[in-house]
Amino acid sequence: MSVVREMRASSYLDVEINGFCLDVKLSRPYRLPMPDHVDAILVQWNRERPDLDVGPMGTFGRLKRLNDELSEAIARPFKAHGLTSAGFDVLATLRRSGEPYSLSPSALIATTMVTSGTMTNRLDRLEEAGLIERRRDPQDGRGFLVALTPAGFELVDRVVSEHVANQHRLIAGLSPALRDGLDAALRDWLASFETGRGDASDKG
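Each residue of the sequence shown is one higher than the one before, starting from 10 at the first, in my numbering.
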């Protein structure tokens with residue numbers, strides 16, 4: 010196993026390979042990324058359980074910490090307009106469906122991947138707020154459609170603009186190349202779970 014122990018100078022690395030320490034001269038100066046909280050956890054596990062490859066723990070640890078940071082940050086524009094992330098999901102799904110901005114409850118459930126009970130609660134709250142309405146489905150006398158009201162249309166259009174601007178701000182620390190690489194890697198990883206399911210869910 011190869012481990013980079015420390016960076017002694019801008020052009021040298023102190024590397025341990027199977028217990029042997031080597032000084033490696035680099036062809037050009039290189040700076041290692043600053044260690045983070047997850048690195049500290051991995052160092053501890055490598056010390057306590059050297060028999061385990063804990064590399065994936067770093068990936069999942071950073072994903073969790075990112076999720077904790079981003080969930081709150083992404084929700085701020087919604088909260089500013091009295092919405093939850095779940096409520097915004099429903100309004101955004103109706104808005105991007107195109108005219109007449111209405112869908113059946115089953116279509117909303119399939120898109121947002123929630124139970125029928127959860128969807129009913131979301132729709133009840135949005136209807137009470139005057140943002141959606143339930144209409145009789147002309148194609149199915151026993152069913153109904155969920156549609157944006159004019160107030161719901163105006164609100165979601167305003168919020169989605171703020172939402173997209175917020176997303177740009179949150180990802181501004183990544184270069185375009187890193188962003189494209191991350192997007193491609195996440196797409197491939199997600200596809201490994203979704204193959205055959207045909208999911209079309211997203212946030213907004």
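Backbone N, C-alpha and C define an ideal beta-carbon position, used for all residues, glycine too. For clarity, every value in this text was computed on a predicted model and none was experimentally measured.
Asked: Are there three or more Cβ pairs, one per stretch, closer than 8 angstroms when the stretch 121-134 is compared with the stretch 156-173?; Found: no
Asked: Per DSSP, what kind of secondary structure is R143 in: helix, strand or coil?; Found: strand
Asked: In chain order, which continuous runs of the alpha helix (DSSP H) of length 4 or greater are located wholly inside the stretch 114-182?; Found: 114-121, 125-137 and 159-179
Asked: Determine whether the beta carbon atoms of M128 and L112 lie at a separation below 8 angstroms.; Found: no
Asked: To the nearest angstrom, report how far apart R145 and A156 are at their CA atoms.; Found: 10 angstroms
Asked: Please state whether DSSP places L112 in a helix, a strand or coil.; Found: strand
Asked: The alpha helix (DSSP H) spanning V47 covers which residue range?; Found: H46 to E57
Asked: If distances are taken between C-alpha atoms only, which option among R134, N175, H90 and V47 comes closest to Q79?; Found: A small fix is needed here, since residue 79 is Leu in this sequence, not Gln. Nearest of R134, N175, H90 and V47 to L79, Cα basis: N175.
Asked: Tell whether a beta-carbon distance below 8 angstroms holds between G96 and L135.; Found: yes
Asked: R74 to E142, Cα distance in whole Å?; Found: 38 angstroms
Asked: Rounded to whole angstroms, how far is the Cβ of V165 from the Cβ of L100, which I believe are closer than 8 angstroms?; Found: 4 angstroms
Asked: With distances taken from CA atoms, which of L61, D60 and G70 is nearest A49?; Found: G70
Asked: Report the rounded CA-to-CA distance for D62 versus N55, giving the unit in angstroms.; Found: 8 angstroms
Asked: Taking C-alpha atoms, which residue in H46, R178, H90 and D149 lies nearest to P114?; Found: D149
Asked: Exposed or buried, which one is T68 when buried takes at least 16 other CB atoms within 10 Å?; Found: exposed
Asked: Just to confirm, is the Cβ distance from L191 to L183 under 8 angstroms?; Found: yes
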